[in-house]
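Position one of the sequence shown corresponds to residue 0 (numbering that gives the first Met the number 0), numbered consecutively onward. Even glycine gets a Cβ: it sits at the ideal position worked out from N, Cα and C. Just so you know, these numbers come straight off a predicted model, no measurement behind them. So the structure is just underneath, and the comments pick up after that.
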Amino acid sequence: MTTNTARNTAATAAGTGPAARSGGTSVLLQDLTRAFGATRALDGLSIEIAPGELVALLGPSGCGKTTALRIVAGFETADTGSVLVDGKDISSVPASRRDMGMVFQSYSLFPNMPALDNVAFGLRMRKIGASQRRKRAAELLDMVGLAPQARQYPHQLSGGQQQRVALARALAIEPRVLLLDEPLSALDAKVRLQLREQIRTLQQRLGTTTLFVTHDQEEALSMADRVGVMRQGKLEQIAAPDELYQNPATAFVAEFVGVMNRIPGELQGSGNVTALGSTVPVRGQAPDGATAVDVLVRPEGLAMEVRANGNGIVTTRTFLGSVTRVGVLLDGDIAVQVDKPSTEAAALAPGSSVSLSLPAEPVHVAPRQTADS
């Protein structure tokens, strides 16, 4: 397998798809639908994953991301649509014959087997000779930094170590596709950070095409070549992490990914919105039927200057290193956050009067959010 460290920055839901890669396996989810009674878990989902690419599916609970993963794995069957691997429709192929490795949130290790035998289990099922499978299992344990724990049983390992054994077991069979179902959500913050870096390094080193489901946007943005944001069974946008953050295609993506301020505004004619004394163009679709909206602006997107009788009062300062996040209470008791270089924020003591303004660029807007909405 080839190592692939390139980041894909070209594709969005309306774009041209992922860049071609050498080696590895391509995966295509084509117009998948799946309903559970009256609940429509997937509603025409289509995603193309390039060979060697890591794609993360991100979204709120119930958006359909785990259902999509289980359909790829063969644990669920789509009502309509198909899954193609290297151009071949595998929709009717049993899960056991799809040649995919899967890592679950719950580790799913065999408690009566030491780490080495857990990793070798899939190879044994494939009738690989004992010496060869032990060698391969030992290599994978070494790759995930657990060679000294080869003879330890799951109950003797920490949660992070168990998850690394599960990862090694999935990779031992050299799967065409690696599927990760929220594998880090049961771990503490420090272990999650270490393991996500290790997973990404291994995935790039081995060039394994990977589909990763998570509700943690930090995981998705830090690990994936592209992130697909899902909502109510549909794909809102799929793009490289920086593209997703800087140029969200919809108001939902803008608010779901990263920190977002909501500032009351009024829609004007010709697709403009007025807020904080500025009028700027609306990006994307404006809500129908109302002129009162919320303007969506990230903390780093707001301009702020100290000014007597300004439109806001500084309430808090949170030092984040080179950046300080400043809490501001706007007229009307609207709380917002503004990121400023720490060297500039030093003079912004709580109680300071400041003036905030919108960036001179198009902004997303959403229906006005009230206190009880």
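If you reduce the DSSP assignment to three classes, tell me which class residue i lands in.
i, result
"LEU170", "helix"
"MET112", "coil"
"SER45", "strand"
"LEU83", "strand"
"ASP88", "strand"
"MET259", "coil"
"LEU357", "coil"
"GLY270", "helix"
"ARG163", "helix"
"LEU27", "strand"
"GLU304", "strand"
"HIS214", "coil"
"VAL295", "What sits at residue 295 in the sequence shown is Leu, not Val. Strand, per DSSP."
"GLU235", "strand"
"GLY100", "strand"
"GLY309", "coil"
"GLU343", "helix"
"LEU329", "strand"
"ARG227", "Per the sequence shown, residue 227 should be read as Gly rather than Arg. The answer is strand: DSSP assigns GLY227 an E or B state."
"LEU53", "strand"
"PRO153", "helix"
"GLY264", "strand"
"ASP241", "helix"
"ARG367", "coil"
"THR66", "helix"
Under a Cβ-count criterion, where at least 16 other Cβ atoms within 10 Å of its own Cβ denotes burial, should residue i be classed as buried or exposed?
i, result
"SER352", "exposed"
"PHE318", "exposed"
"SER25", "buried"
"ALA274", "buried"
"ALA223", "buried"
"ALA77", "buried"
"SER21", "Its pLDDT being 46, under 50, SER21 is placed unreliably in this model, and the value from its coordinates should be taken loosely. By the neighbour-count rule (16 or more Cβ atoms within 10 Å), SER21 is not buried but exposed."
"THR378", "The requested residue 378 is not part of the displayed model; the chain covers only 0 to 372."
"HIS363", "buried"
"MET124", "exposed"
"GLN368", "exposed"
"THR278", "exposed"
"GLU242", "buried"
"ALA289", "exposed"
"ALA344", "buried"
"GLN216", "buried"
"GLU218", "buried"
"ASP293", "buried"
"GLU235", "buried"
"THR65", "buried"
"ALA334", "exposed"
"ALA348", "exposed"
"PRO50", "buried"
"THR207", "buried"
Can you grab the Cα-Cα spacing for the pair residue i / residue j, in whole Å?
i, j, result
"SER398", "PHE35", "Absent from the structure is residue 398, since the part of the chain shown begins at 0 and ends at 372."
"ARG225", "ASN308", "45 Å"
"ALA359", "GLY257", "21 Å"
"GLN202", "ASP180", "15 Å"
"ALA129", "ARG135", "10 Å"
"ASP332", "VAL305", "19 Å"
"PRO93", "GLY73", "6 Å"
"THR200", "ALA291", "47 Å"
"GLY61", "ARG150", "39 Å"
"LYS189", "LEU183", "11 Å"
"LEU295", "ARG261", "5 Å"
"PHE103", "ALA239", "25 Å"
"ALA248", "ALA55", "17 Å"
"LEU328", "VAL337", "11 Å"
"TYR106", "ASN117", "11 Å"
"GLN193", "GLY326", "31 Å"
"THR32", "GLN155", "42 Å"
"SER95", "THR213", "24 Å"
"PHE120", "ILE198", "20 Å"
"MET375", "ALA137", "Any property of residue 375 remains undetermined from this structure, which presents the chain solely from 0 to 372."
"GLY80", "ASP187", "38 Å"
"PRO298", "LYS339", "9 Å"
"GLY86", "GLY268", "48 Å"
"GLN245", "PRO59", "20 Å"
Quick one: measure Cβ to Cβ for residue i and residue j, integer angstroms, because I've assumed they're closer than 8 Å.
i, j, result
"ALA67", "LEU44", "6 Å"
"GLY264", "VAL272", "5 Å"
"ILE172", "GLY232", "About 31 Å; that fails the 8 Å criterion."
"LEU355", "LEU301", "5 Å"
"GLN148", "GLN160", "6 Å"
"PHE255", "VAL228", "6 Å"
"PRO286", "PRO366", "5 Å"
"LEU115", "LEU140", "7 Å"
Compute every distance between the C-beta of residue i and the non-hydrogen atoms of the ligand ADP, then say whether any falls below 6 Å.
i, result
"ALA188", "Here there are no bound small molecules, and the ligand ADP is not part of this structure."
- [ ] Any chance you could list the alpha helix (DSSP H) runs of at least 4 consecutive residues sitting entirely within the segment 121-151, in chain order?
- [x] 129-142
Task: Start-end ranges of the alpha helix (DSSP H) lying completely within the segment 177-205, minimum 4 residues - done: 188-205
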